[in-house]
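All letters in the sequence shown, in the order written, are residues 0 to 347 by numbering that gives the first Met the number 0.
Worksheet for the structure shown next.
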Amino acid sequence: MENIQDYTREELSKWLESKGSRSFRAGQIFKWIYLKQAQSFDEMTDLGKDLRCLLTENFYLFRLDLEDKQVSSDTTEKFLFRLADGHHIETVLIPEKDHFTLCVSTQVGCAMDCKFCLTAKGGFKRNLTVAEIIAQVRDARFFLVQKKIDPLNLSNIVFMGMGEPLANYDNLIKSLAIILDTDYGMKFAARRVTVSTSGLVPKIVQLGLDTDVNLAVSLNAIDDKTRSGLMPINEKYPIAALLSACQKFTMKPRNKITFEYILIKGINDSREDALKLVKLLAPIRAKVNLIPFNEHEESTFKRPGHKQILEFLQILLDNDMTAMTRKSKGADISAACGQLKAKLVATP
Ligand code: SAH
Numbered sequence: 000m001e002n003i004q005d006y007t008r009e010e011l012s013k014w015l016e017s018k019g020s021r022s023f024r025a026g027q028i029f030k031w032i033y034l035k036q037a038q039s040f041d042e043m044t045d046l047g048k049d050l051r052c053l054l055t056e057n058f059y060l061f062r063l064d065l066e067d068k069q070v071s072s073d074t075t076e077k078f079l080f081r082l083a084d085g086h087h088i089e090t091v092l093i094p095e096k097d098h099f100t101l102c103v104s105t106q107v108g109c110a111m112d113c114k115f116c117l118t119a120k121g122g123f124k125r126n127l128t129v130a131e132i133i134a135q136v137r138d139a140r141f142f143l144v145q146k147k148i149d150p151l152n153l154s155n156i157v158f159m160g161m162g163e164p165l166a167n168y169d170n171l172i173k174s175l176a177i178i179l180d181t182d183y184g185m186k187f188a189a190r191r192v193t194v195s196t197s198g199l200v201p202k203i204v205q206l207g208l209d210t211d212v213n214l215a216v217s218l219n220a221i222d223d224k225t226r227s228g229l230m231p232i233n234e235k236y237p238i239a240a241l242l243s244a245c246q247k248f249t250m251k252p253r254n255k256i257t258f259e260y261i262l263i264k265g266i267n268d269s270r271e272d273a274l275k276l277v278k279l280l281a282p283i284r285a286k287v288n289l290i291p292f293n294e295h296e297e298s299t300f301k302r303p304g305h306k307q308i309l310e311f312l313q314i315l316l317d318n319d320m321t322a323m324t325r326k327s328k329g330a331d332i333s334a335a336c337g338q339l340k341a342k343l344v345a346t347p
């Protein structure tokens, strides 16, 4: 038995053909799964009984096992899902003015070992399957359906949950095929989907060639010494290599790459840092997203004061850099950036 959510529409078409069925049926099946939120193949009434039987014999359709859900005072919701092998992941549903954004995980844990990030502390367990990535989105939309909210209001996705998306590249690309499938799949617009990376240089250029989604890069420092101290991946792919890959990233004429920059008190938050950041990003179509450090129990890093944060931002703006500070949502339920830490021990 295979999980049908591991299949892209193209793969399902081929499978159907190999069984003597018509390939366009894959589109119908996709509509049932991703738009009509079917729970079983029996519901797919326009398919014919034989095909429904064939599907039931070969595939299963699942939802993630919701073990816990926490709601923040700002109404951000954090889902704790238990996977079939007992591992856990977290997914965060963020309400915006007129839509929802979903922050999706791509791995159980993370191997990048960034010094400021709570997810890193538990180490890396495994990649998520396509089905596990996709189910986070399908189930979040189902959750809205149950609350009588139009599921298409969940229109934005950020791959900024647990894990390094570009380290699970093949499954990321297949998941994007389903997410961006406008005719039969989940109907997300590419400009509303963002993949964030700690800087896996070889995969950055590849992502630009393979998809139209937005790229976000967790830069976090302006010199190699500081960045390597915060993010070990920088030893392998230093800033110059990272920015040169960014310059090669293909995107639509008016698009920009988002550079995430955590502001950590006394580490990377000085006036000089701000000015150097402007200089560093000058050759790139860039915008800067400042994330004031979210403090947590496993780090001694501190968040700079409000004034310091605004000054840093102002320097960027005064130098014609598109920049904003990210309002961290869900901090009171540890759902904000770098605070995701599912129980990493598998429970039987
Ligand atoms: N691995 C990918 C996807 C995770 S995104 C990446 O690194 O981009 C998570 C974002 O939260 C990253 O930009 C990271 O720099 C930021 N982050 C991690 N820990 C944080 C913390 N304690 N406070 C604020 N931001 C944090």
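Note that the Cβ used here is the ideal one computed from N, Cα and C, for glycine as well.
Fair warning: this is a prediction, and the values are worked out from it, not measured in the lab.
Quick check on this structure: which residue in the options has the alpha carbon closest to the alpha carbon of residue i?
i	options	result
Ile-93	Ser-327, Gly-184, Gln-338 and Arg-125	Ser-327
Glu-234	Ile-263, Met-250, Gly-198 and Ile-203	Gly-198
Ser-72	Cys-113, Thr-210 and Ile-332	Ile-332
Asp-97	Asn-152, Leu-179, Leu-214 and Pro-252	Asn-152
Val-194	Asp-209, Thr-75 and Ala-341	Asp-209
Asn-57	Met-230, Phe-40 and Gln-69	Phe-40
Thr-181	Ser-154, Pro-201 and Pro-252	Ser-154
Tyr-349	Arg-137, Arg-191 and Leu-127	Limits of the chain in this structure are 0 at one end and 347 at the other, which puts residue 349 out of reach.
Cys-109	Pro-231, Asp-5, Met-43 and Ala-189	Pro-231
Asp-211	Ala-188, Val-200 and Gly-228	Ala-188
Glu-297	Gln-4, Ala-176, Ala-334 and Cys-116	Cys-116
If contacts are defined as beta-carbon pairs under 8 angstroms, then residue i and residue j qualify, I think. What distance do you get, rounded to the angstrom?
i	j	result
Leu-101	Thr-90	7 angstroms
Pro-237	Leu-262	Not confirmed; about 21 angstroms, so no contact.
Ile-178	Ile-148	About 19 angstroms; that fails the 8 angstroms criterion.
Lys-120	Lys-301	That belief does not hold up - the Cβ atoms of Lys-120 and Lys-301 are roughly 18 angstroms apart, past 8 angstroms.
Would DSSP call residue i helix, strand or coil?
i	result
Lys-30	helix
Lys-68	strand
Phe-158	strand
Gly-108	strand
Ser-20	coil
Val-144	helix
Lys-136	The sequence shown places Val at residue 136, not Lys. Reduced to three states, the DSSP call for Val-136 is helix.
Asn-126	strand
Tyr-6	coil
Glu-271	helix
Ala-335	coil
Ile-256	strand
Pro-164	helix
Cys-113	coil
Ala-189	helix
Pro-291	strand
Lys-352	Residue 352 cannot be examined here, being either before or after the span of the chain that is shown, 0 to 347.
Ile-177	helix
Lys-77	strand
Tell me whether the stretch 200 to 218 and the stretch 256 to 263 touch, counting them as touching only if at least three CB pairs, one residue from each stretch, are closer than 8 angstroms. Yes, the stretch 200 to 218 is in contact with the stretch 256 to 263.
Taking one C-beta from the stretch 41 to 50 and one from the stretch 62 to 78 each time, how about it: are there three or more such pairs within less than 8 angstroms? They do not touch, by the three-pair rule.
Given 8 angstroms, three or more beta-carbon pairs between the stretch 98 to 117 and the stretch 158 to 170: Yes, the stretch 98 to 117 is in contact with the stretch 158 to 170.
Would you be able to state if there are at least three C-beta pairs under 8 angstroms between the stretch 114 to 132 and the stretch 142 to 152? Cβ pair count under 8 angstroms is below three, so no.
Given 8 angstroms as the limit, is there contact between the stretch 319 to 326 and the stretch 285 to 293, that is, 3 or more CB pairs closer than that? Counting Cβ pairs under 8 angstroms, three or more are found: they touch.
Count the C-beta pairs between the stretch 260 to 271 and the stretch 237 to 252 that are closer than 8 angstroms, then say yes if the count reaches three, no if not. A contact between stretches requires three or more CB pairs, one per stretch, nearer than 8 angstroms, and the stretch 260 to 271 fails this requirement with the stretch 237 to 252.
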